[in-house]
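Working notes for the structure below.
Right, here's the structure in full:
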């Protein structure tokens, strides 16, 4: 009997608590956990950093005390960047979160992110790797790791009303179109010519002279294959391509076809998914491999150790650089065998544009 009375009293207490509790507001917006973390990380300039508290940003992981301490620092730097897909991925995610939840905070943050991209673009049409901190090589017009091409692609999605980003088109579509046009014009101008023959693109350029430039000590001025594949794909995306765009694409693809290492593959020694113990080139019939970088004179593979020391082969690189950087890869292969034929078929049926 005593136990029954205690259970009854507890039940009455719960009922009373529920009766007096404030119900959630009917118009409270839904939330997205990752988008909520993006709101916290967005910098004063409107962009996003690539790290927090010294670690790569992972929005799927709840912030811990170390993260919160970094966010609460009164002297927190504005280290917004395009490196490692930063800023572009947040804008895209927030636009999708706004579509799914209707939460206006996500739309507003995404628009601020687009405004960051528009403000960071140089008058010449390029983007620095970081903005507003353009110290050192952060100021360079940066294609390295696809920084600029991702930004242009996202702005083109907004201009064209593609997918989730169509939610941003009414507010920023016209400005995005202008930014894309300036970027494409610059890209065409930056295609490296050697002995007056167009080749591909460098990974980064001096923002004033627009000449290929050095970034990290082992990233010397050179032709960059992986980044150039991304640039060609961006050019292939342009509707009704102008003669200049067509010529740039064809020249780059001809260069790729000429400079691959036939019957050669990269062998990574060690456990799959982990950093390899070693890397070497091996014979493999039917496989074509390209160096990540080629020099600007002889157009031969360029391998550089820390300190800017040029070496003749993978074996001569320090073990740390040999296994810690993608010196060789097959980036152009899908472009040449799949994307190029499909693009030629589309281009043949499109009316050419006058510009750029």
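Numbering (my numbering), first residue to last: 188 to 543.
Cβ atoms here follow ideal geometry from the backbone N, Cα and C, with glycine treated the same way.
Item: Where does residue 480 sit, in a helix, a strand or coil, going by DSSP?; Value: strand
Item: Count the other CB atoms, across all protein chains shown, that sit within 10 Å of the CB of residue 323; report buried if there are 16 or more and exposed otherwise.; Value: exposed
Item: DSSP state of residue 427, grouped into three classes?; Value: coil
Item: So for residue 208, helix, strand or coil by DSSP?; Value: Residue confidence is low: residue 208 scores 38 on pLDDT, short of 50, so the model does not pin down where it sits. Its coordinate-derived value is still stated next. Residue 208 falls in the coil class under three-state DSSP.
Item: Does the beta-carbon of residue 236 have 16 or more other beta-carbons within 10 angstroms, so that it is buried, or is it exposed?; Value: buried
Item: Select from 452, 376 and 393 the residue whose C-alpha is nearest the C-alpha of residue 418.; Value: 376
Item: By DSSP's criteria, residue 329 is part of a beta bridge. Which residues make up the other side?; Value: 391
Item: Alpha carbon to alpha carbon, what distance is there between residue 238 and residue 320?; Value: 15 Å
Item: For the stretch 401-412 and the stretch 482-499, state whether three or more C-beta atom pairs, one from each stretch, are separated by less than 8 Å.; Value: yes
Item: Any contact between the stretch 368-384 and the stretch 300-312? By contact I mean 3 or more CB pairs, one from each, below 8 Å.; Value: yes
Item: Contact between the stretch 379-386 and the stretch 462-472 is defined here as three or more beta-carbon pairs at a separation below 8 Å; is this criterion met?; Value: no
Item: Taking the beta strand (DSSP E) that residue 452 belongs to, which residues open and close that run?; Value: 451-456
Item: Do the CB positions of residue 444 and residue 523 come within less than 8 Å of each other?; Value: yes
Item: Does the distance from the CB of residue 353 to the CB of residue 389 come in under 8 Å?; Value: no
Item: Applying the 10 Å Cβ sphere with the 16-neighbour rule, what's the burial state of residue 232?; Value: buried
Item: What is the DSSP secondary structure of residue 250, reduced to helix, strand or coil?; Value: coil
Item: Hey, quick one: how far does the alpha helix (DSSP H) through residue 465 stretch, first residue to last?; Value: Segment 465-470 is the beta strand (DSSP E) holding residue 465; no alpha helix (DSSP H) there.
Item: Do you know how far the Cα of residue 480 is from the Cα of residue 273?; Value: 24 Å
Item: Which term fits residue 535, buried or exposed, when burial requires 16 or more other beta carbons within 10 angstroms of its beta carbon?; Value: exposed
Item: Looking at the secondary structure, which residues open and close the alpha helix (DSSP H) in which residue 344 lies?; Value: 334-347
Item: DSSP on residue 528, reduced to helix/strand/coil?; Value: helix
Item: The alpha helix (DSSP H) with residue 295 in it runs from where to where?; Value: 291-307
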